[in-house]
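Residue numbers (my numbering): -14 to 130. By construction, the Cβ of each residue, glycine as well, lies at the ideal position given by its N, Cα and C atoms. To keep things clear, I will list the structure first and then write my remarks on it.
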């Protein structure tokens, strides 16, 4: 114990960094446990779409979506969801929704908003389109409008 105290007092910046990391990890785990959405992998996502008529919801910007997106995905920006301007998604309110972004990080906030808006089965694709690409699954490009 004496060694820990000595380390903490002789390295205050490093000690604060470690404490910050531990607090961030704990808060992230608590946030994930209390979330109203489920984080799922690629296999679970494709099973939801194929077996339960799930819908991929791509929340990336328009240019990224046009360059390549999952077949059949609905494109809605997070700002539209914040304003509850989602008529094309309303018909899927009871269906499983799989929120997709580039890395899986920004989709968590959108998934929470959808849960608040009454969507009952909201999921986030773990690691987003990066994981989809790494699994060599197909993407389609949109024609420019």
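{"Query": "Alpha-carbon spacing of residue 96 relative to residue 22, whole angstroms", "Result": "6 angstroms"}
{"Query": "Bridge partner(s) assigned by DSSP for residue 108", "Result": "23, 83"}
{"Query": "Beta strand (DSSP E) segment containing residue 43, residue limits", "Result": "40 to 43"}
{"Query": "Euclidean distance between Cα positions of residue -11 and residue 7", "Result": "16 angstroms"}
{"Query": "Inter-residue spacing [alpha-carbon to alpha-carbon] between residue 82 and residue 3", "Result": "37 angstroms"}
{"Query": "Simplified DSSP state of residue 77, which is helix, strand or coil", "Result": "coil"}
{"Query": "Whole-angstrom distance between residue 108 and residue 61, CA atom to CA atom", "Result": "15 angstroms"}
{"Query": "Assigned secondary structure, residue 56 (DSSP; H/G/I helix, E/B strand, else coil)", "Result": "coil"}
{"Query": "Limits of the alpha helix (DSSP H) - the one that residue 113 falls within", "Result": "113 to 119"}
{"Query": "The alpha helix (DSSP H) enclosing residue 101, as first and last residue numbers", "Result": "92 to 101"}
{"Query": "Nearest candidate by alpha-carbon position, reference residue 89, set 26, 33, 52", "Result": "26"}
{"Query": "Residues near residue 50 by beta carbon distance below 7 angstroms, same chain, minus five either side", "Result": "43, 60, 127"}
{"Query": "Closest Cα partner of residue 58 within the set 84, -14, -5", "Result": "84"}
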